[in-house]
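**Student:** Quick one: structure below, then a few questions.
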Amino acid sequence: MSRKDIDSLLKESRRFEPPAEFQSRARIGSIEEYEKLYKESIENRDSFWSNIARELHWFQPWTEVLRWNPPHAEWFVEGKTNLSYNCLDVHLESWRRNKAAIIWEGEPGDTRVLTFQMLHHEVCRFANVLKRLGIEKGDRVAIYMPLVPELAIAMLACARIGAPHSIVFGGFSAEALADRINDASAKLVITADGGYRRGKIVPLKETVDEAVTKSPCIENVVVYKRTGGSVSFHPERDHWWHELMEAVDADCPAEPLDSEHPLYILYTSGSTGKPKGVMHTTGGYMVGTYVTSKWVFDLKEEDTYWCTADIGWVTGHSYVVYGILANGATTVMYEGAPNWPEADRFWQIIEKYKVTIFYTAPTAIRAFVKWGEQWPDRHDLSSLRLLGTVGEPINPEAWMWYHSVIGGKRCPIVDTWWQTETGAIMISPLPGATSTKPGSATRPLPGVVPEIVGPDGSAVPPGKGGFLVLREPWPSMLRTIYGDDDRYRNQYWSQVKGSYFTGDGARCDEDGYYWIMGRVDDVINISGHRLGTMEVESALVSHPKVAEAAVVGKPDEIKGEVIAAFVTVESGIEVDEALSDELKAHVVKQIGGIARPDEIRFTESLPKTRSGKIMRRLLRDIAAGRETTGDTTTLEDRSILDRLRKGQ
Ligand code: PRX
């Protein structure tokens, strides 16, 4: 986010009331109703969450709602449930059996619809496949797939038998995939021969083959045939999805799992080099994603809901699959790029399926603004009734465009703030209750107690910026970092005593509205996806010609931020354009396309404090072409700033 955006956020005074028409039919239809719910959630936490959890199916009830031994929470203690059962089986008892659960469109234009009954059938069969491959309750399963229904089938099958999944976004490299597989000691990886992206085939199986050479824990690889292209096949290790499915039946009752049984691990970037395996468990995550889907998206039986996120990110886990299907709602999935074959693909999809709720990222909206109104103008978007955003702050200009061009000025916008770690939406408008201010995620959902604090951990007054923390535990919170509980404690619970540290800077205005201003740690947010600067730096330094590297985010009109890397090379190495390209390619190989530096600046040295810490703050100013603000007295060599500016 640029200074300009932050400045404009600070000055933003427009306010939009929930449209009366929307409000009259909304699940939560007034601010008083929201306030009542909020108050109840704080004053009677246990009964509040019990009442919500009771809307779902439990094989055995809980004996205690929350057992809180900070920083470890257990929710719905001793309860037994199954999220796959709650997403599927419960809907088979009613007419919903034949309702569309997934409406899917492939990038080449092929489509598939799976009813809840059909999805249940496939999930049960695939769960039996998993068992046949020796996967037992508790075993970790890695998934590296394109956005096809089989990805949802695979996750729901894992959840059905209690095998935690670890989904790795298809844009990550073999190295990154192998790291994640090894960290979780996954026994199985599920992939496809390829997936479509901008008319090309992404060779997922090839990447898996390379990753598996570094991952001895993998015993089997299941390959879904998506493109029909030729792939190499390891006779004992690799199996075709369709062949395995032929050999099993569809009888697979859902396993009653402990509420705290691990549901999945999802890796995300932190401020140190190694990605963190955020671990979510079953009962609390289920309750959190279920109820936030219902509240924030105002889900109704007749809705056609589309979240454009890839399932490889947490948004896809919570709001393409679990929270939406648990509500018995129809979820739309699209495999490919928004501008393929042309820049109106999303609008075409909305028109074709009469999408009513559309949830996407600010980076996508900024790209749409740039591509122009003529693309949405070609399509009838009148089916839309609600719009949402997630992943990064939305600048008011993009908000206004979304509101008028896509929403026809009639759709409320929910700007939802949350994280991989929170599992579910934390701060967001309720579309029938909260008046919105462009650029603000507005107010906390029931059960969420945010606060803005200063460096000493004490609350700051309204209007003043600080760190965003959460004061109370919530059902869908992460339980730990897989295999590294110390990191869990240090990262989230040690910075501000007794509170969960989000890593975000924010301020709260006089009306109690939260304005998220971006990360305060060494994490950059590129197109709504987190990347640790350390991860990219380690990738650069692993190149033999690189001596040292520092990476910072640089403001970008579309992506929010892009990566600028400052690199010093080993002595005697010639620096030129070719080396710059070589280093960019090296980072892509190490991490994946999302981490490709936009710019590499070669420099003789980096600005450091006397104790040797790189002063990234100064590099951020230089990358953005700004004057250096703030204190430079701790800088070891003052002349370096001038030299860096001159590109030396
Ligand atoms: O900095 C915040 C930003 O995205 C971070 C979380 O990233 P991740 O775990 O990848 O999850 C993204 C999808 C939930 C946050 O720490 N962020 C997320 N939503 C918003 C946001 N920043 C501002 N406004 C939002 N609505």
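Letter by letter, the sequence shown follows residues 136 to 783 in the working numbering. From the three backbone atoms N, C-alpha and C, an ideal C-beta is built for every residue, glycine too. Predicted model, so just to flag it, every value in this text is computed and none were measured.
So, do the region 643 to 654 and the region 341 to 354 have three or more beta carbon pairs nearer to each other than 8 Å?
**Tutor:** The answer is no - the region 341 to 354 does not touch the region 643 to 654, with fewer than three Cβ pairs under 8 Å.
**Student:** Take Ser219 as the anchor and find which of Ile749, Tyr359, Ala461 has the nearest alpha-carbon.
**Tutor:** Indexing the sequence shown from 1 puts residue 219 at position 84. Among Ile749, Tyr359, Ala461, the Cα nearest to that of Ser219 belongs to Ala461.
**Student:** Tell me whether the beta-carbon of Leu392 lies closer than 8 Å to the beta-carbon of Asn217.
**Tutor:** Here residue 392 refers to the residue found at position 257 of the sequence shown. Here residue 217 refers to the residue found at position 82 of the sequence shown. Contact flag set, yes.
**Student:** What is the DSSP secondary structure of Glu271, counted as helix, strand or coil?
**Tutor:** Counting from 1 along the sequence shown, the entry for residue 271 is found at position 136. Looking at Glu271 - three-state DSSP - the assignment turns out to be coil, as it is neither helix nor strand.
**Student:** Identify, in the order they occur along the chain, each residue of the same chain with its Cβ nearer than 6 Å to the Cβ of Glu199, setting aside the five sequence neighbours on each side.
**Tutor:** Translated into positions along the sequence shown, residue 199 becomes position 64. Cβ neighbours of Glu199 beyond the five flanking positions: Val212.
**Student:** For Ile237, which of Ile661, Glu228, Ser229, Val258 has the nearest alpha-carbon?
**Tutor:** As a first step, residue 237 must be located in the sequence shown, where it is residue number 102. Here the closest residue by C-alpha is Val258.
**Student:** Distance check for Thr738 and Thr768, CA to CA, integer angstroms please.
**Tutor:** On the sequence shown, residue 768 is found 633 positions in, with the first residue counted as 1. On the sequence shown, residue 738 is found 603 positions in, with the first residue counted as 1. Distance between the alpha carbons of Thr768 and Thr738: 21 Å.
**Student:** Does Val702 come out as helix, strand or coil in the three-state DSSP assignment?
**Tutor:** On the sequence shown, position 567 is the one that residue 702 refers to. Three-state DSSP puts Val702 in a strand.
**Student:** Hey, is Asp639 close to the ligand PRX, as in C-beta under 7 Å from one of its heavy atoms?
**Tutor:** Reading the sequence shown from its first residue, position 504 is the one you call residue 639. It does: the Cβ of Asp639 is within 7 Å (strictly closer) of some heavy atom of the ligand PRX.
**Student:** Tell me where the alpha helix (DSSP H) around Ser740 begins and ends.
**Tutor:** As a position in the sequence shown, residue 740 is number 605, starting the count at 1. Here Ser740 belongs to no alpha helix (DSSP H), and DSSP marks it neither H nor E.
**Student:** DSSP state of Gln195, grouped into three classes?
**Tutor:** Translated into positions along the sequence shown, residue 195 becomes position 60. Residue state, collapsed to three classes: strand.
**Student:** In terms of residues, what are the limits of the beta strand (DSSP E) holding Pro154?
**Tutor:** Locating residue 154 in the sequence shown gives position 19, counting from the first residue. Premise fails: Pro154 is in no beta strand (DSSP E) and is neither H nor E.
**Student:** Quick check on DSSP: helix, strand or coil for Met253?
**Tutor:** For the purposes of this step, residue 253 is taken as the residue at position 118 of the sequence shown. Reduced to three states, the DSSP call for Met253 is helix.
**Student:** Is it the case that the CB of Glu527 approaches a heavy atom of the ligand PRX more closely than 7 Å?
**Tutor:** On the sequence shown, residue 527 is found 392 positions in, with the first residue counted as 1. Yes; taking the cut-off as 7 Å, the Cβ of Glu527 has a heavy atom of the ligand PRX nearer than that.
**Student:** Among all the DSSP beta bridges, which residues are the ones paired with Tyr279?
**Tutor:** To locate residue 279, count along the sequence shown from 1; it is residue 144. DSSP, once it has assigned bridges, lists Thr326 as partnering Tyr279.
**Student:** In chain order, what residues of the same chain lie with their CB nearer than 7 Å to the CB of Thr763, ignoring the 5 residues before and after it?
**Tutor:** Position 628 of the sequence shown, counted from the first residue, corresponds to residue 763. These residues qualify, in order along the chain: Leu753, Asp756, Leu776.
**Student:** Take the Cβ of Asp445 as the centre, count every other Cβ of all protein chains shown within 10 Å, and call the residue buried at 16 or more, exposed below.
**Tutor:** As a working note, residue 445 is residue 310 in the sequence shown. Buried.
**Student:** Out of curiosity, what's the CA-to-CA distance linking Tyr331 and Val283?
**Tutor:** Indexing the sequence shown from 1 puts residue 331 at position 196. Indexing the sequence shown from 1 puts residue 283 at position 148. Taking the straight line from one Cα to the other gives about 10 Å.
**Student:** At which residues does the beta strand (DSSP E) containing His678 begin and terminate?
**Tutor:** Counting from 1 along the sequence shown, the entry for residue 678 is found at position 543. Where His678 is concerned, there is no enclosing beta strand (DSSP E), given that its DSSP letter is neither H nor E.
**Student:** Considering only the alpha carbon of each residue, which of Asp318, Lys266, Gly306, Ser176 lies closest to Gly297?
**Tutor:** By one-based count along the sequence shown, residue 297 stands at place 162. Among Asp318, Lys266, Gly306, Ser176, the Cα nearest to that of Gly297 is on Lys266.
**Student:** Judging by CA-CA distance, which residue of Pro528, Lys487, Glu170, Glu228 is the nearest neighbour of Gly244?
**Tutor:** Stepping through the sequence shown from its first residue, residue 244 is reached at position 109. Residue Lys487 is the option with its Cα nearest to Gly244.
**Student:** Would you mind reading off the limits of the alpha helix (DSSP H) that contains Ser111?
**Tutor:** No statement about residue 111 is possible, as the shown extent of the chain runs from 136 to 783 and does not include it.
**Student:** Could you check where the alpha helix (DSSP H) with Ser182 kicks off and where it finishes?
**Tutor:** Position 47 of the sequence shown, counted from the first residue, corresponds to residue 182. That run of the alpha helix (DSSP H) goes 180 to 188.
**Student:** Let me confirm a value: Ser838 is counted as buried when at least 16 other C-beta atoms fall within 10 Å, else exposed. Which label applies?
**Tutor:** Since the first residue of the chain shown is 136 and the last is 783, residue 838 is not available in this structure.
**Student:** Can you tell me which of the three DSSP states His377 falls into?
**Tutor:** What you label residue 377 is simply residue 242 of the sequence shown in a count that begins at 1. In the structure shown, His377 sits in a helix (DSSP, three-state: H, G or I).
**Student:** To the nearest angstrom, how far is it from the Cα of Arg138 to the Cα of Val604?
**Tutor:** Looking up residue 138 in the sequence shown gives position 3. Looking up residue 604 in the sequence shown gives position 469. Residue placement at Arg138 is poorly supported in this model, since its pLDDT is 48, which falls under 50; the coordinates are not used for a value here.
**Student:** Taking a contact to mean a Cβ-Cβ separation below 8 Å, would you say Arg361 touches Asp318 in this structure?
**Tutor:** Locating residue 361 in the sequence shown gives position 226, where the first residue counts as 1. Locating residue 318 in the sequence shown gives position 183, where the first residue counts as 1. No.
**Student:** Look at the Cβ atom of Glu390, then the Cβ atom of Lys272, and state whether they are nearer than 8 Å.
**Tutor:** As a first step, residue 390 is located in the sequence shown; it is residue number 255 there, counting from the start. As a first step, residue 272 is located in the sequence shown; it is residue number 137 there, counting from the start. Their beta carbons are under 8 Å apart, which means Glu390 touches Lys272 by this criterion.
**Student:** Flag Trp203 as yes when its Cβ comes closer than 7 Å to any non-hydrogen atom of the ligand PRX, and as no otherwise.
**Tutor:** Locating residue 203 in the sequence shown gives position 68, counting from the first residue. Not so, every heavy atom of the ligand PRX lies at least 7 Å from the Cβ.
**Student:** My output table needs one value for Arg332: the three-state DSSP class, helix, strand or coil.
**Tutor:** Along the sequence shown, read from residue 1 onward, the residue named residue 332 stands at position 197. Strand.
**Student:** What span of residues does the beta strand (DSSP E) with Thr498 cover, start to end?
**Tutor:** Position 363 of the sequence shown, counted from the start, is the residue given in the question as residue 498. Element bounds for Thr498: not the beta strand (DSSP E) but the alpha helix (DSSP H), 497 to 506.
**Student:** Just mark Arg480 as buried or exposed, buried being the case when its beta carbon has 16 or more other beta carbons within 10 Å.
**Tutor:** Translated into positions along the sequence shown, residue 480 becomes position 345. Arg480 is buried by the Cβ-count criterion.
**Student:** The alpha helix (DSSP H) spanning Thr424 covers which residue range?
**Tutor:** Counting from one through the sequence shown, the residue named residue 424 turns up at place 289. Element bounds for Thr424: 417 to 431.
**Student:** Please state if the CB of Phe432 and the CB of Leu519 are separated by a distance shorter than 8 Å.
**Tutor:** To locate residue 519, count along the sequence shown from 1; it is residue 384. To locate residue 432, count along the sequence shown from 1; it is residue 297. Their beta carbons are not under 8 Å apart, which means Leu519 does not touch Phe432 by this criterion.
**Student:** Whole angstroms are fine: how far does the CA of Lys335 sit from the CA of Met468?
**Tutor:** Residue mapping note: residue 468 aligns to position 333 of the sequence shown, counting from 1. Residue mapping note: residue 335 aligns to position 200 of the sequence shown, counting from 1. Those two C-alpha atoms are separated by around 19 Å.
**Student:** If the criterion is Cβ atoms closer than 8 Å, does the pair Glu285 and Tyr359 meet it?
**Tutor:** In the sequence shown, the residue the question calls residue 285 occupies position 150. In the sequence shown, the residue the question calls residue 359 occupies position 224. For Glu285 and Tyr359, yes; Cβs fall inside 8 Å.
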